Amino acid sequence: MDFRYEMPSDICSPRDLALTEQFRDAAGGPDALWRGVNVDVLLPALGEPQRPEVSKVGGVPYRPRAPWPTDASGRPHLFLAQLCLADSTGALSAFRRRQLPGDVLLIFCEDDDDLIWSESSGSRLHFEWQPLGIRSADLMGANELPPRGSPWTPTYFELHRSTDHAGAAMVRHRERELEVHGTYRSSKIGGLPAWQQGKAEAKGLGRYFASIHSIDPAEDEYPFPNVPTPPWGTQPCDQGFLMLGDVGTLYLFAKGGGRVGWLMQCG
């Protein structure tokens with residue numbers, strides 16, 4: 159463990175997740191962090207997935223051939239991300255089907271200028287619910303996306319099943335006392351929100367169920383689970399990965415009837 163690495167910290171690379179787990183173990187494990195809530199931590203990997211419905215950022219959305227969503231002026235939305243909730247039923251067992259009525263949630267936005275959002279200001283979001291089982295022949299292909307349909311470098315998510323905890327514990331490392339928080343700061347489904355600016359802004363938005371976190375991979379070996387050595391050297395910030403403000407997080411909330419509330423915060 160690196161004494162400079164304090165919890166919570168952003169989980170974007172295998173190293174981040176490994177260090178986080180080491181700190182949790184050193185602090186006494188889940189039992190030392192109060193009651194746990196099931197969570198699927200989403201660790202980004204580079205490229206498109208083999209299964210088109212899995213959780214991911216950018217690339218080709220899992221949707222049938224249908225009119226692309228547009229804003230009031232007819233300008234195409236940008237495909238931001240999708241979350242395969244069907245892969246995370248254990249982390250969402252407290253939700254009813256009418257709250258989260260589809261298997262895959264697609265997220266689109268009007269533009270990518272800073273990507274600062276709330277229910278009342280900033281870029282607007284558009285959500286689509288899709289079922290599992292869409293035939294491959296009926297799915298949209300990469301050549302059917304509108305220009306700049308998704309400007310971000312595609313990354314898909316691998317699941318790490320664990321528990322989020324509202325509590326914290328202290329661990330001593332190299333003559334320093336470090337506070338280990340029990341809530342993952344990452345893309346994730348289920349669990350608890352790891353607030354960057356506090357929970358007051360989320361009042362009235364609904365019940366939290368997932369997060370999309372900025373993708374800021376490590377600069378050295380294994381920036382992603384499927385990339386041993388980064389071909390871009392020490393400049394991952396120049397590779398078009400999703401960045402929400404200053405390494406921010408998009409929080410998603412179930413509002414009932416399939417409606418989704420949202421809030422973005424950054425440090």
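The sequence shown runs contiguously to residue 425 in this note's numbering.
Virtual Cβ for every residue (Gly too), placed ideally from N, Cα, C.
This one's a predicted model, so the numbers in the text were calculated from it and none came from an experiment.
- Task: Determine contact between the stretch 164-182 and the stretch 298-314, defined as no fewer than three beta-carbon pairs at a distance below 8 Å.
- Result: Segments in contact, no.
- Task: Measure from the alpha carbon of Met328 to the alpha carbon of each residue in Gln180, Leu421, Ala184, Arg173, then state which is nearest.
- Result: The candidate whose alpha carbon is nearest that of Met328 is Ala184.
- Query: Beta carbon of Gly349, beta carbon of Trp192: below 8 Å?
  - Reply: Contact: no.
- Inter-residue Cα distance where the pair is Tyr380 and Leu204: Going by the C-alpha atoms only, they are around 11 Å apart.
- Message: Measuring only the C-alpha atoms, how far is Met401 from Lys346?
- Response: The C-alpha of Met401 lies about 16 Å from the C-alpha of Lys346.
- Query: Can you check whether the CB of Phe266 is closer than 8 Å to the CB of Leu236?
  - Reply: If you check the CB distance, Leu236 and Phe266 come in under 8 Å.
- Rounded to whole angstroms, what's the CA-CA distance from Thr341 to Pro351? Just pull it up for me. If you draw a straight line from the Cα of Thr341 to the Cα of Pro351, it comes to about 7 Å.
- May I ask you to verify whether the stretch 392-411 touches the stretch 331-338, counting CB pairs closer than 8 Å and requiring at least 3? Flag = no, the stretch 392-411 and the stretch 331-338 do not touch.
- Message: If you reduce the DSSP assignment to three classes, tell me which class Pro115 lands in.
- Response: The displayed coordinates of the chain run from 159 to 425. Any statement about residue 115 would go beyond what the structure contains.
- Query: Per DSSP, what kind of secondary structure is Pro188 in: helix, strand or coil?
  - Reply: In the structure shown, Pro188 sits in a helix (DSSP, three-state: H, G or I).
- Return yes when the Cβ of Gly216 is within less than 8 Å of the Cβ of Trp310, no when it is not. Yes.
- Query: Based on Cα-Cα distance, which residue from Leu258, Glu268, Asp404 lies nearest to Ala230?
  - Reply: That would be Glu268, whose Cα lies nearest to the Cα of Ala230.
- Identify, in the order they occur along the chain, each residue of the same chain with its Cβ nearer than 7 Å to the Cβ of Arg162, setting aside the five sequence neighbours on each side. Because Arg162 carries a pLDDT of 44, less than 50, the predicted location of this residue cannot be relied on, and the following value inherits that uncertainty. For Arg162, where only same-chain residues beyond five positions count, there are no Cβ hits under 7 Å.
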